Structures are given as C-alpha cells and as structure tokens.
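Working notes for the structure below.
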Amino acid sequence: MTQTVRRRPAHADRAHPHRSRSKRKRRSAGGVYVLLLTLAVVFVGPILWLLLAALKTREEWVAVPTKVLPEQAQWSNFVHALTDINFPAYAMNSLFLATVYAVLITISSAMVGFGFARLRAPGKRAMFLVLLSTMMLPQVLTLLPTYVLFARLGLVNTYWPWVLWGLAASPFLVFLFRQFFAAIPRELEDAAIIDGCGWGRIFVGIFLPLSRPVLITAFLLSFTWSWGDYIAPALLLDVDHTTLSVAITAWYQDPRGNPLPTVQAAAAALYVVPVMLIFLFAQRYFVRSVVASGVKG
Amino acid sequence: MARRTWSRYPRRTFYLFVGPWVAGFLLLTAAPLVYAFAMSLTNFDGSSPRWRWVGFRNYTELLGDEYAWAALFRTIGYTAIVVPLSVAGALGLAVLLNRRLKAVGLWRTVFYLPSVVPVVATAIMWKLVLNRDAGILNTILEPFGVDAIAWLIDPMAFYALIILTLWGLGGGMVIMLAALQGVPKELEDAARVDGAGRWKAFRHVTIPMISPVLYFQVVTGIIATLQIVVQPMLLTETNSISGVAGVPQSTHLYMVQVWEEFFLGNRFGYGSAMLWVFFVIILAFTLLVQRSSRWWVHYEVNSDADR
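Listed in order, the protein sequences are those of chains U and P.
Read in order, the letters of the first sequence correspond to residues 1 to 297 in full-length UniProt numbering.
Read in order, the letters of the second sequence correspond to residues 1 to 307 in full-length UniProt numbering.
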C-alpha cells in the first residue's frame with residue numbers, strides 16, 4: 001500500500017474531468033437513495049411485520065393469501081398479552097434485575113477503571129492484560145459451569161447471581177471508564193492531594209461527577225444487557241421468578257396448547273418498548289460505547 | 001533511605017479499587033473454568049452424589065463422537081459464512097453512509113436499530129417473517145414463482161439462522177463508520193490525483209487505514225459466532241422453553257449439543273469435557289487470526305519505520 005500513498009506533485013488537469021464527474025455524481029446520488037431505501041425496508045421490515053401481526057386477528061394471521069394489513073387493529077391482543085400470563089410480574093422481575101445489575105456493575109466498573117487509570121502498584125500491567133484478554137473469553141463457556149456452581153451453593157432461584165455479576169465489574173465497561181479517566185488532567189488530582197484528600201474522596205468527589213456521560217453509557221448498556229438476556233434467567237430462575245424474556249418465549253397458548261402468534265407478537269412488542277425508548281433517546285451513548293470498543297483494535 | 005512515610009500511591013489503594021474485578025474474575029470466571037475441568041474428569045450427572053473419577057475417558061469418548069464432530073463442523077461452517085458476510089456487509093453499509101447524504105443520522109439509526117433488539121424479540125420477529133404460510137418473506141417470493149419455503153425446518157433452518165444473524169450487523173457498521181471518518185480525506189484524494197480509480201483508492205488506501213478495526217471485528221465476530229446457542233434454540237417451529245429438543249439438525253450447533261448433553265442427557269461430566277475442548281479450539285482460532293494479522297493489518301505506528 002505504501003506506493004499508492006506516495007505523494008507526487010498534483011498537476012493533473014482539473015477543469016474538464018471535474019465537470020463530467022459532478023454530473024455523474026448527481027445521477028448516482030439518486031441510485032444511492034434507492035439502495036438505502038431498499039436496505040432500510042429489509043432492516044425495519046421484520047419490526048413492522050411484528051407490529052402488524054400484533055394487530056391482527058388469528059384468522060387474519062393465517063389467512064391465505066396473506067393479508068398484509070389487519071382489517072381493524074386488534075388492540076385486544078395487547079390485553080391478552082398482559083393478562084394471559086402474569087406479564088406485569090415478569091416485567092417487574094426484569095426491571096428489578098436489570099436495575100440492580102446495572103447500578104452495581106456501573107459503580108464497580110467505574111471503581112476498577114479508576115484504579116487502572118489513576119493508581120499504581122506492582123502487577124498492574126499484568127492484571128490489565130488479563131482484563132483485556134477476558135474480554136475475548138467466550139462468555140457462554142463459563143455460564144454452564146457457573147450455573148452448576150450456583151446450584152450447589154443454593155443460589156438457583158435467587159437474584160444473588162445478578163448481584164454477584166454486578167459487583168464483579170465488566171471488563172468492557174472497565175475499559176470504557178479507564179479510557180475516560182486516563183484522559184483527565186493530573187492537576188485536578190494534584191490539587192486534591194495537596195488539600196489532603198484521600199483517593200476515595202478524589203474518586204467520589206472529583207472523578208465520578210466528571211464522568212457523568214460514561215456513567216450514563218455504562219448504566220444504559222448494562223441495563224439493556226440484562227433486560228435482553230435470555231440464557232441466565234432460563235438457567236437460573238423458575239416459573240415464578242423468571243424474567244420477561246423467558247416468559248414471552250413459550251407461554252402464550254390457547255387451552256389446547258396451540259401457540260398464539262398474534263398475542264406473542266403483542267407481548268414481544270411490549271417487551272421491546274423500553275429498549276427501543278432507551279435506544280432512540282440515548283443513541284449517542286450507545287454509539288460512543290460501540291465505537292470505543294472498536295477503535296482499540 | 002527507607003523512610004517513606006507518605007506515598008502518593010499506596011499499594012493497598014490500587015488493590016482496593018480493582019478488588020471487585022479481581023474477586024469477580026477469580027470466582028465467576030476462573031473458578032467455573034477450573035470447576036468445569038474437574039467435572040470433565042468425572043461422570044457427574046448434575047444431581048446424584050454418586051459420581052466417580054473417570055480420568056480422561058470423556059475426552060477419548062468425545063474423539064469418537066460423530067454428533068459432536070458434526071456439530072463442530074456445522075458451527076465452523078456457519079461461522080465461515082456469517083463472519084465474512086457480516087464484516088463485509090457492515091463495511092458496505094458504512095461506506096454507503098460515509099458520504100454527504102440527507103438525514104445521515106436517520107439512516108444510521110435504521111441500520112443500527114436491529115442490533116440492539118433483544119435476542120428473544122429478534123427470534124419471535126423472524127419466526128413471524130419466515131413462517132411458511134403466513135410469513136411475509138414467502139408472500140414476497142410467491143409472485144416470482146417460488147413455492148412456499150419451510151424456513152424453520154431442515155434444511156432451510158440453517159439459512160434462516162444466517163439471515164437472523166446478519167440482520168444485526170448494524171453494530172459493526174457503526175464501528176466501521178467511525179473508523180472511516182477517521183481516515184484523512186487527503187490520503188484518498190492524493191491517491192485519486194495519482195490516477196487511482198475509486199475502487200483502487202479504497203482498496204489500497206482506505207482498507208489498510210481501517211484494517212485494525214476490521215481485524216478487531218473479525219476476531220470478536222469469530223469468537224461470538226462460534227459460541228452462538230440462544231438463536232438456534234429460539235428459532236424453531238415449535239415453542240419449547242429452554243428445550244433443545246426441537247432444534248433442527250441443520251442449526252444444531254456445537255453449544256446446542258453441549259446444552260443437550262447437560263440438560264437432556266444429564267451428562268455434566270461429558271458436557272464439561274466438550275466445553276473445554278471448545279475453549280481450546282476457540283483459543284486456537286483466535287491465535288491463528290492473530291498470527292495472520294501481520295500480513296494484512298496495517299498499524300500506523302509501524303515497527304519497520306523506526307529501524
């Protein structure tokens with residue numbers, strides 16, 4: 001690649017090719033929008049189809065030929081979604097778990113990130129390398145043995161695993177916090193040390209308030225992780241304690257045991273609402289974290 | 001000399017701050033892995049106290065387990081299709097959006113949105129889209145003379161799973177868009193002035209500039225895709241809770257097989273052996289890609305340059 005970047009004095013003739021190119025550009029711009037629109041339909045289509053299904057009667061859903069739009073919006077599907085199973089209770093479980101987990105993991109990750117960014121002690125480099133490599137570690141591999149361990153410790157059907165996971169910090173969020181804290185000027189902490197502040201007060205009083213955007217990012221991110229998680233509640237929690245993600249997958253049935261796709265669609269739509277709201281209103285926080293994860297290479 | 005009464009960095013403070021992660025790593029990552037290895041040397045069934053050590057018998061049995069091998073090759077094939085497609089697709093979308101467009105933010109949101117939809121909702125959605133009789137995809141294909149396709153059973157379930165996975169490639173797109181925006185415009189312009197076509201400039205200037213990000217995407221993509229388990233479990237014709245019984249043959253990936261050994265076969269020892277073998281395989285893959293990176297990943301801080 002080196003030879004192509006080599007700069008030669010640019011004295012290529014400009015005027016003529018420029019004009020023809022700009023005309024071509026305008027024509028291709030229209031093509032780009034057509035392409036984007038087509039792709040957008042592919043990406044949004046499934047979500048729209050879910051919403052349409054949630055508004056159909058069962059007969060309309062199975063009708064041949066397929067009916068794209070419902071004759072009349074069946075809001076009763078949403079009523080069924082909320083009442084056929086104990087939807088509010090499962091939603092509360094999801095909300096409780098996600099909140100506890102997100103609060104704890106945000107605080108613990110901020111602490112650890114601060115330690116790696118601002119403090120020194122023997123073994124720090126090695127520990128940070130271990131932390132980075134655990135980001136690469138396949139999570140699912142440890143989940144099944146963790147489940148067996150938790151079962152032996154009597155933690156199945158309790159919410160303690162989420163507390164433990166929350167306290168343990170997330171390598172990814174630690175990395176996010178570390179990058180942020182490392183960029184804060186040293187003078188701030190010098191002044192505090194001269195004033196006789198300990199590191200605990202420096203962290204809580206100076207660095208935490210400064211890191212509000214990262215705190216929000218970490219909280220929203222970990223909240224949506226937990227809200228969207230299926231495998232941990234499926235493994236660890238029973239019918240009465242489980243979360244929405246498990247409840248909506250299988251329990252919408254008529255008395256004969258036939259699945260109710262339209263009601264399930266309504267339930268799925270309700271389940272996705274919080275995530276969508278968080279995403280739409282806080283997209284910049286998501287983008288920030290995704291970008292931070294990608295640029296480290 | 002040793003009269004250090006005050007130290008700016010007391011050791012204990014650092015260890016207190018990083019303590020939560022260290023404890024978590026030891027208890028929730030290292031301990032389960034070690035525990036799994038210990039289990040893999042037993043015939044533990046998950047509940048009964050009457051288990052005994054069987055040495056490496058689980059591992060030797062695994063060598064001759066044709067189902068495990070089939071699941072492994074299926075998983076590798078699935079990964080070999082999904083990772084290149086999603087990296088290329090994400091890059092393509094990023095290139096499309098990395099130009100003067102009206103409402104760039106809106107387009108980005110549209111493509112990024114699916115990647116934040118929880119997996120459970122994604123599966124329910126795609127089951128509705130891919131439904132043989134009522135699904136929109138078959139309805140769209142019908143005028144083109146395509147007979148109703150049974151997407152959720154063999155052999156099409158494999159492709160259904162690929163479609164579902166690719167739908168979420170917007171996360172990668174956002175990363176690559178940021179990477180593309182970090183490429184100095186002058187570099188590409190210089191190449192164009194030198195007479196390179198648009199494609200050549202892209203191939204020989206832009207791609208090398210963002211290759212570290214591409215590399216990261218490939219590595220994390222491989223690791224994440226190899227261990228996929230929830231998607232095949234949920235993308236099935238029948239609704240069965242945390243059951244792997246209904247998973248079609250063609251989406252019976254390695255981790256699904258592990259799950260089956262654990263919870264249908266109650267073979268915790270054997271399942272743990274499968275986990276450890278998979279762990280080693282994933283590590284090997286990661287190292288392989290890392291090794292290959294020196295041939296195609298271009299770092300701006302080039303070690304050759306300071307010689």
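Glycine is no exception: its CB is placed at the ideal position from the N, C-alpha and C atoms.
None of these values were measured; they are calculated from a predicted model.
With DSSP run on the structure shown, which of helix, strand or coil describes P:Q227?
coil
Going by beta carbon distance, what residues of the same chain come within less than 6 Å of P:R58, once the five residues before and after it are set aside?
A small correction: the amino acid at residue 58 of chain P is Asn; Arg does not occupy that position in the sequence shown. These residues qualify, in order along the chain: S40, G269, Y270 and A273.
Spatial distance of P:A38 from P:R50 (CA atoms):
15 Å
Give me whichever residues DSSP pairs with U:Q253 in a beta bridge.
U:P259
Would you kindly work out how many angstroms separate the C-alpha atoms of residue 372 of chain P and U:Y159, rounded to a whole number?
Residue numbering for chain P in the displayed model covers 1 to 307; residue 372 of chain P lies beyond these limits and cannot be assessed.
Assuming contact is defined by CB atoms lying nearer than 7 Å, are U:F114 and U:F181 in contact in what I supplied?
yes
Output, in sequence order along the chain, the residues in the region 245 to 265 of chain P whose CB is closer than 8 Å to any CB in chain U.
M255, V258, W259 and F262
Identity of the residue in P:M209, P:T165 and P:G145 nearest P:K185 by Cα
P:M209
Under 7 Å, do P:G226 and P:L166 count as touching if we go by C-beta distance?
It is worth fixing the name first, because residue 226 of chain P is Leu in this sequence and not Gly. No, the Cβ-Cβ distance between P:L226 and P:L166 is not below 7 Å.
Where does the unbroken alpha helix (DSSP H) through P:T286 begin, and where does it stop?
F268 to W296
Helix, strand or coil for U:T57? Go by DSSP, reduced to three states.
coil
From the DSSP secondary-structure annotation, give me the bridge partner or partners of P:W21.
According to DSSP, which records beta bridges pairwise, P:W21 is partnered with nothing at all.
Let me know if P:L177 comes out buried or exposed under the rule of 16 or more other beta-carbons within 10 Å of its beta-carbon.
buried
May I ask you to report which of helix, strand or coil DSSP gives P:W53?
strand
Pick from P:A23, P:A150, P:F216 and P:L187: whose alpha carbon is nearest that of P:G171?
P:F216
Going along the chain, which residues of its own chain have a beta-carbon closer than 6 Å to the beta-carbon of P:A90, five neighbours each way excluded?
L169, G172, M173 and M176
From the beta carbon of P:I223, is the nearest beta carbon of chain U less than 7 Å away?
yes
Bridge partners - P:T42, DSSP secondary structure assignment
P:W53
Does chain P have any CB closer than 7 Å to the CB of residue 315 of chain U?
Coverage of chain U is limited to positions 1 through 297, which leaves residue 315 of chain U absent and any answer about it impossible.
Under 8 Å by Cβ, that's how I've got residue 311 of chain P and P:T75 pegged, so tell me the actual separation to the nearest angstrom.
Absent from the structure is residue 311 of chain P, since the part of chain P shown begins at 1 and ends at 307.
Would you mind telling me which residues of chain P sit closer than 7 Å to U:Q264, beta carbon to beta carbon, in chain order?
I124
Counting only beta-carbon separations shorter than 7 Å, does U:W162 have a partner in chain P?
no
Do U:T262 and U:W61 have their beta-carbon atoms positioned less than 7 Å apart in this structure?
yes
Alpha carbon to alpha carbon, what distance is there between P:L137 and U:M119?
Here residue 119 of chain U turns out to be Leu, not Met, going by the sequence shown. If you take the alpha carbons of U:L119 and P:L137, they lie about 56 Å apart.
Which residues bound the alpha helix (DSSP H) around P:Y112?
V104 to Y112
Contacts of U:I231 in chain P (Cβ-Cβ under 8 Å):
V229 and V230
At least one CB of chain P closer than 7 Å to the CB of U:V103: is that the case?
no
Taking Cβ positions only, does P:D306 come closer than 7 Å to chain U?
Summary for P:D306: the model assigns pLDDT 40, below 50, so the residue's position carries little reliability; its value from the coordinates is reported in the next sentence. Cβ-Cβ to chain U under 7 Å: no for P:D306.
Is the CB of P:I136 under 7 Å away from at least one CB in chain U?
yes
So, does the CB of P:L161 fall closer than 7 Å to a CB anywhere in chain U?
no
Let me confirm a value: U:F279 is counted as buried when at least 16 other C-beta atoms fall within 10 Å, else exposed. Which label applies?
buried
Can the beta-carbon of U:A54 be found less than 7 Å from the beta-carbon of U:A269?
yes
Mind checking if U:A53 is an interface residue toward chain P, Cβ cutoff 7 Å exclusive?
yes
Helix, strand or coil: which one does DSSP assign to U:A81?
helix
Roughly how many angstroms separate the alpha carbons of U:F78 and U:T142, rounded to a whole number?
37 Å
Taking C-beta pairs closer than 8 Å, name the residues in chain U that P:T109 reaches, listed in chain order.
L280 and Q283
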